[in-house]
Each structure stands twice: as structure tokens, then as C-alpha cells.
Amino acid sequence: MKINVVNDANEMGLLAAKAAAITIRKVIEAHGVAHIILATGASQFTVLDNLVHEEGIDWGRVVMFHLDEYVGIPESHPASFRKYLKDRFIDKVSHLKATHLIQTENDAEEECGRIGNIIDSHSIDLALVGIGENGHLAFNDPPADFDTQSPYIVVQLDETCRQQQFGEGWFESMDQVPLKAISMSVHQILKSKEIICSVPDARKALAVKNTLEQAISNLYPASILRTHTNCTLFLDQYSSSMLSKNLIDHFPFRS
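The following block contains the structure:
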């Protein structure tokens, strides 16, 4: 794992987007098409804002997969991740080769099978992800399922996760935050050839510390990223503020 610590979320988003753009261009040049996974949420604001302005990417050669979505809310809802991706990415780039979004109007288990069958037939070149306040990857809350081979699963959202969604302003009350979501599984995320993980903000500091300093465990879902051979973690000074001083001896920091 490579770790980049920068000043703030704006610089983090710029550098993460540039790293993603380099990979996408290289893959398109080598193979003609790039398959990517995009995350949503506050951690991805500056990443996507910068990525859509990267030059030299033929978006018509990019296939995009959706990381996760709430069960029980329509696309028109302000918290819908489909709406988020359309507003912040899909509608801001030239026409993608293909876009595979999670459709929660369908039965949740059936939808997992539908979109799972699609992603099963593709090799993912790059995944852009974040880490939740409870250390989750996608909506794989602790204790996360590290064993399932299914690409997408229905998950129960824990209280910390739901509180984060409310605290970030996506819902007007806790009662409105859904109890379930469809999430890409940990196994499927790790199948990506490259992972870029962006984590800004002091409220993520404990999750970052647990990710890097606790034992790799489903109690700290994002800790599994340390097993990936090509993962880069982008942090700002706030999200990295609880890391032990001797961590630099174990991870190749770049700041």
C-alpha cells in the first residue's frame, strides 16, 4: 500500500483524480477500453470534481460500475447514489461506453444477481473508493463479510453508518435513513487491478488509524486494503492526525 498525506481535501482530490486519470489513459491505450468502479459520498466530492476535468480521456471507451446504493429510495431522492453519480460524473463527461447502475426499483436480491452477472464478465481496472467513519468499504459495515464470492450483496446498515449519512446532510432525520443497501462485496472490490482510496476529514481519523494499525480483520473492514498489491491511500492532514509516529517505518509515505 502507498500512502499519500497532503494538506487538505482539495489537494487530495486533485492528486487522486490525476492518479486515476493516468491509469485510465494507460488502460485505454493498452486495451482499448477501461473498466472502473466509482464510489460516492462526501469523500469523493473533490475527486470526481477534478476527474471530470482531466484532459485526454476518451470516456467513450470507459465502462463504469456503481459501488453501492440504498434500498428503498428512488433515484430522485437527494441521497440517491445514482443521482449523485449522474449529477457529479455521468452528465459531466462525454458519453460513456457503458454505465451499470444499481436499480433499487427491482427486488434487492434479484438486482444483486442482475448487476453481479454483468460485472462477473468484466475485469475491473480501477476502483475509486473511500472509508466510512466505522471503517466500512462500500456499505460493508463491521463485521464485514470477507468470505462471500458474490459480487453484490444486500447488507444491513449499522447505526454508526446510518448516523454518518444523516450527519453529512443526506437525510432530514435518522428515521429517513434506510436500514438496508445493496453493496459491492469486499471480495469484488479487491478483484480490481488498482484501488485508489480517498479519505479526508478529521471524523475519519480513527477509521484511518484502525485501517492501518489494527490487525486485518472484518471488524475493521478497510484494513483488508493492506492485502491488495496495488492500492494507494490518499489522506489529508486531518484524516491522518491519529496515526502513530512510527507508522512511517512500515508504510512508504509520500507527502
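Taking the numbering used here, I'd label the letters of the sequence shown as residues -11 to 243. Glycine included, each C-beta is placed from N, C-alpha and C at the ideal position.
Q: On the DSSP bridge assignment, give the partners of isoleucine 25 in chain order.
A: To locate residue 25, count along the sequence shown from 1; it is residue 37. Paired residues: Phe53 and Ala115.
Q: Please report the Cβ distance between valine 35 and alanine 67, rounded to the nearest whole angstrom; I am assuming they are in contact, meaning their Cβ atoms lie under 8 Å.
A: As a working mapping, residue 35 is identified with position 47 in the sequence shown. As a working mapping, residue 67 is identified with position 79 in the sequence shown. The beta-carbon separation of valine 35 and alanine 67, rounded to 19 Å, does not stay under the 8 Å limit for a contact.
Q) Taking DSSP as the reference, what is the three-state secondary structure of methionine 172? A) The count along the sequence shown starts at 1 and reaches residue 172 at position 184. Methionine 172: strand per DSSP, three-state reduction.
Q) Which residue from Leu3, Ala132, Ile45 and Asn(-2) puts its Cα closest to that of glutamate 17? A) Reading the sequence shown from its first residue, position 29 is the one you call residue 17. For glutamate 17, the nearest C-alpha among the options comes from Ile45.
**Q.** Every unbroken beta strand (DSSP E) inside the stretch 57 to 118 [3 residues or more]
**A.** 86 to 88 and 114 to 117
Q: List the whole-angstrom C-beta distance separating valine 174 from alanine 132, where the pair is believed to meet the contact cut-off of C-beta under 8 Å.
A: The sequence position of residue 174 within the sequence shown is 186, counting from 1. The sequence position of residue 132 within the sequence shown is 144, counting from 1. That pair is a contact at about 6 Å.
(Q) Between which residues of its own chain and arginine 214 is the CB-CB distance below 7 Å, once the five residues before and five after are set aside? (A) Within the sequence shown, numbered from 1, the residue matching residue 214 stands at position 226. Exclusion of the five residues before and after arginine 214 leaves Met(-11) and Ile204 as the residues of its chain whose Cβ lies within less than 7 Å of its Cβ.
Q.
Taking DSSP's pairing of strands, which residues face isoleucine 141 in a bridge?
A. Counting from one through the sequence shown, the residue named residue 141 turns up at place 153. DSSP, once it has assigned bridges, lists Ser171 as partnering isoleucine 141.
Q) In whole angstroms, what separates the C-alpha of tyrosine 208 from that of valine 196? A) The sequence position of residue 208 within the sequence shown is 220, counting from 1. The sequence position of residue 196 within the sequence shown is 208, counting from 1. Tyrosine 208 and valine 196 have their C-alpha atoms some 10 Å from each other.
Q: Give the secondary structure of isoleucine 10 by DSSP, where H, G and I count as helix, E and B as strand, and everything else as coil.
A: Within the sequence shown, residue 10 is the residue found at index 22, counting from 1. If DSSP states are grouped into helix, strand and coil, isoleucine 10 belongs with the helices.
Q) When DSSP labels each residue in this structure, what does leucine 125 get in the three-state scheme? A) Translated into the one-based positions of the sequence shown, residue 125 becomes position 137. Three-state DSSP puts leucine 125 in a strand.
Q) Do you know offhand how far lysine 179's Cα is from isoleucine 112's? A) The residue you call residue 179 lines up with position 191 of the sequence shown. The residue you call residue 112 lines up with position 124 of the sequence shown. Approximately 7 Å between the Cα atoms of the pair.
**Q.** Burial state of isoleucine 170 (16 or more Cβ within 10 Å)
**A.** On the sequence shown, residue 170 is found 182 positions in, with the first residue counted as 1. Looking at its Cβ environment, which holds 16 or more other Cβ atoms inside 10 Å, isoleucine 170 is buried.
Q: Would you list the residues sitting across from valine 187 in a DSSP beta bridge?
A: Reading the sequence shown from its first residue, position 199 is the one you call residue 187. Bridge partners of valine 187: Leu223.
**Q.** Simplified DSSP state of serine 205, which is helix, strand or coil
**A.** The count along the sequence shown starts at 1 and reaches residue 205 at position 217. Three-state DSSP puts serine 205 in a strand.
**Q.** Cut-off 7 Å between Cβ atoms - residues of its own chain near glutamate 97, not counting five sequence neighbours on either side
**A.** Here the question's residue 97 lines up with position 109 in the sequence shown. If we look at glutamate 97 and ignore the five residues flanking it on each side, its Cβ neighbours are Val142.
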